[in-house]
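Asker: Anchor point for the sequence shown: position 358 equals 358 in full-length UniProt numbering, and the numbering is continuous, going up by one each time.
Backbone N, C-alpha and C fix where the C-beta goes; we use that ideal spot for every residue, glycine too.
Got a structure here, written out as structure tokens. Questions coming.
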Amino acid sequence: MIPPLVLDIQPHHKILDMCAAPGSKTAQIIECLHRDESNPIPSGFVIANDVDNKRCYTLVHQVKRLESPCFAIINHDASNLPNLKFRDGNISFDRILCDVPCSGDGTLRKNPDLWKKWNPGHAFSLQSIQLRIATRGIQLLAPGGLMVYSTCSMNPIENEAVVSQLLQTFQGQISLVNISDKLPGLRTIPGLKSWCVIGKNQDIYNSFEEVPKNMQSLARPNMFAPSNDILEQLHLERCIRVLPHHQDTGAFFVALFRKIDKTLDSSLSTQEETSQKRPAEENVFNEDGANFKRARYHRENPFIFFEEKDIKGFWQEISEFFGVDPSFPADQLMTRIASDSGRNIYFVSDSLKEIVTLNQDRIKFINMGVRLLVRTDLRNDKDKRSLRLSQEGIAIINKYFSKRRIQLEQQDLLILLSHAHTQFANLSQSVQNQIQNISNDLGSVICLFNIKQHDLDIPIIFVSWRGRSSFRPFVSHSSRKFYLSLCNIDQMTINDIINKLTIEEKTNNKKNDDS
Numbered sequence: 001m002i003p004p005l006v007l008d009i010q011p012h013h014k015i016l017d018m019c020a021a022p023g024s025k026t027a028q029i030i031e032c033l034h035r036d037e038s039n040p041i042p043s044g045f046v047i048a049n050d051v052d053n054k055r056c057y058t059l060v061h062q063v064k065r066l067e068s069p070c071f072a073i074i075n076h077d078a079s080n081l082p083n084l085k086f087r088d089g090n091i092s093f094d095r096i097l098c099d100v101p102c103s104g105d106g107t108l109r110k111n112p113d114l115w116k117k118w119n120p121g122h123a124f125s126l127q128s129i130q131l132r133i134a135t136r137g138i139q140l141l142a143p144g145g146l147m148v149y150s151t152c153s154m155n156p157i158e159n160e161a162v163v164s165q166l167l168q169t170f171q172g173q174i175s176l177v178n179i180s181d182k183l184p185g186l187r188t189i190p191g192l193k194s195w196c197v198i199g200k201n202q203d204i205y206n207s208f209e210e211v212p213k214n215m216q217s218l219a220r221p222n223m224f225a226p227s228n229d230i231l232e233q234l235h236l237e238r239c240i241r242v243l244p245h246h247q248d249t250g251a252f253f254v255a256l257f258r259k260i261d262k263t264l265d266s267s268l269s270t271q272e273e274t275s276q277k278r279p280a281e282e283n284v285f286n287e288d289g290a291n292f293k294r295a296r297y298h299r300e301n302p303f304i305f306f307e308e309k310d311i312k313g314f315w316q317e318i319s320e321f322f323g324v325d326p327s328f329p330a331d332q333l334m335t336r337i338a339s340d341s342g343r344n345i346y347f348v349s350d351s352l353k354e355i356v357t358l359n360q361d362r363i364k365f366i367n368m369g370v371r372l373l374v375r376t377d378l379r380n381d382k383d384k385r386s387l388r389l390s391q392e393g394i395a396i397i398n399k400y401f402s403k404r405r406i407q408l409e410q411q412d413l414l415i416l417l418s419h420a421h422t423q424f425a426n427l428s429q430s431v432q433n434q435i436q437n438i439s440n441d442l443g444s445v446i447c448l449f450n451i452k453q454h455d456l457d458i459p460i461i462f463v464s465w466r467g468r469s470s471f472r473p474f475v476s477h478s479s480r481k482f483y484l485s486l487c488n489i490d491q492m493t494i495n496d497i498i499n500k501l502t503i504e505e506k507t508n509n510k511k512n513d514d515s
């Protein structure tokens, strides 16, 4: 995806994705945040927002696969996004992705229905929303920070007209960054400097004065290009357009803003809070207004962080069982049920913990962090064995958990990945010896294997359940396919393995149901 590429994201950045669902760009941002693979917990974080509650859960599914403790998903109207409290005041973001809702006419290749439904007038109702969202993004941007404004539309009303209005509204406080050289190999054209407005009935208007009175509530002055004198100062040519026929792609519009005025944050917050232009929304930035709107949402289960008593009691047993390093920040563990019998235990970075602690009563958090431990079906909830390690948190587990680790040989890896359950006797003598050195307690083990390819060591790490006489790997089919391909197994054999595995799993599930 093009927009995240121009943001130059670093591991320490505070990042906001204003309209995040379905999440492909959010996933790309999280990958950029974790560019240093040696550090699974970077100091930066990603706040991913979407106005649609159901789409937020689509977003959860998309980003969970990245196994990051440094993201949170929230559910708010991006144009009225409340300030988030942080250590020394409200958060100002270093990077913001403002990929706004649009008419989507740039997707005409993958969405053939657009040819029947598209109308140039679709942009009329969207432009004001796009402008409000982008305006709020500029307000939340830190001095020196970057914000991408992007659409998958070709209509200048949704693109250059919005950018032009932002530059005039925040004159001298933001500027456009030239990004034409940031995407080598991608064919682009500069942003437009002149355009007309086309009505729903294909009427063409070159200026607002040409718009009939009965159309002036739809076709507004800020949809037209400004005068030539103003245009020269705006440098709209620094935006880029990607057209479908140039490189067999969809169409995109991308503009990159840099914030340069240090006084913009507080002055705009005050202006918005006292503005009378939109009375229905005048309280959106104060805490009472945020709390009032919060009450109208479907309430989520709260995030409850471990307290000192949890760390000294319940967590101490877990630490001894898995050999957790004393430096592990256990106070960043949390659950969504106020007891140690909660099914899942999550881990978040220290920055996210602070954000949640300071904002949970006024921000609707949908999901965050990485799942570290999962409650099993063992009867005794207090038993340390009743919690198994989650594959989702494997990067953190591998860094801090030193016990119950099994170093595999390649043949062991292939056997484990090819079956739902593997008897100890079918594994190498080396692995059997390691199993004997582990306590006889049932529970999770960490399986490790290094693949050497082109002078690179590629670590394969996954969680398995140690039963009385067998291992059960907790590895998805897609991950199994990937690991097997790294072992130079051909695709036809991999498909056969996965098909047999599916049958084996169904048989085991039926046996469990019958019993």
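1) Looking at the strands, I want to know which residues DSSP matches up with Tyr-346.
2) Kindly indicate which three-state DSSP category Phe-94 falls into: helix, strand or coil?
3) Kindly confirm or deny that the stretch 111-128 and the stretch 383-399 touch, where touching means at least three C-beta pairs closer than 8 Å.
4) Just checking, does the stretch 35-48 make contact with the stretch 127-136 on the three C-beta pairs under 8 Å criterion?
5) Whole angstroms are fine: how far does the CA of Ile-15 sit from the CA of Gly-323?
6) Roughly how many angstroms lie between the CA atoms of Asn-155 and Asp-105, to the nearest whole one?
7) Using only CA atoms, which one of Ile-435, His-454 and Asp-441 lies nearest to Cys-447?
8) Please confirm whether His-454 has its beta-carbon closer than 7 Å to some beta-carbon of chain C.
9) Relative to the C-alpha of Arg-87, which residue among Lys-364, Ser-351 and Glu-392 is closest?
10) Taking Cβ to Cβ, would you say Phe-306 is nearer than 7 Å to Asp-325?
11) Just tell me which of Val-370, Met-368, His-245 and Ser-476 has its CA closest to the CA of His-419.
12) Between Gln-10 and Ile-397, what straight-line distance do the alpha-carbon atoms span, to the nearest angstrom?
13) Closest to Thr-249 by CA distance: which of Ala-219, Thr-422 and Leu-186 is it?
14) Could you check what DSSP says for Val-148 in three-state terms: helix, strand or coil?
15) Out of Leu-486, Glu-308, Asp-94 and Asn-433, which one is the CA nearest neighbour of residue 568?
16) Have a look at Phe-471, Ile-174 and Ala-48 and flag the residue whose alpha-carbon is nearest the alpha-carbon of Leu-84.
17) Distance check for Ile-73 and Ser-464, CA to CA, integer angstroms please.
18) In the DSSP assignment, find the unbroken alpha helix (DSSP H) run with Arg-472 in it and report its ends.
19) Which of the three DSSP states is assigned to Trp-465 in this structure?
20) Between the alpha carbons of Leu-108 and Leu-192, how many angstroms are there, rounded?
21) Considering Cα atoms alone, identify which of Gln-429, Phe-462 and Tyr-205 is closest to Ile-157.
22) For Ile-366 and Cys-56, which I take to be in contact (beta-carbon distance under 8 Å), what is that distance rounded to the nearest angstrom?
23) Taking Gly-172 as the reference, which of Ile-415, Phe-224, His-235 and Arg-375 has the closest Cα?
24) With a threshold of 16 other CB atoms inside 10 Å of the CB of Glu-160, please say whether the residue is buried or exposed.
Answerer: Per the coordinate set shown:
1) Met-334 and Arg-371
2) Looking at the sequence shown, residue 94 is not Phe but Asp. Asp-94 falls in the strand class under three-state DSSP.
3) no
4) Contact check between the stretch 35-48 and the stretch 127-136: fewer than three CB pairs, one atom from each, fall below 8 Å, which does not count as touching.
5) 34 Å
6) 8 Å
7) Ile-435
8) No chain C is part of this structure, which consists of one protein chain only.
9) Residue Ser-351 is the option with its Cα nearest to Arg-87.
10) The answer is no: Cβ separation not under 7 Å.
11) Ser-476
12) 24 Å
13) Leu-186
14) strand
15) No statement about residue 568 is possible, as the shown extent of the chain runs from 1 to 515 and does not include it.
16) Ala-48
17) 29 Å
18) No alpha helix (DSSP H) contains Arg-472, which is instead part of the beta strand (DSSP E) from 470-473.
19) Trp-465 sits in a strand when the DSSP states are folded into three classes.
20) 21 Å
21) Just measuring C-alpha positions, the residue of Gln-429, Phe-462 and Tyr-205 sitting nearest Ile-157 is Tyr-205.
22) 5 Å
23) His-235
24) buried
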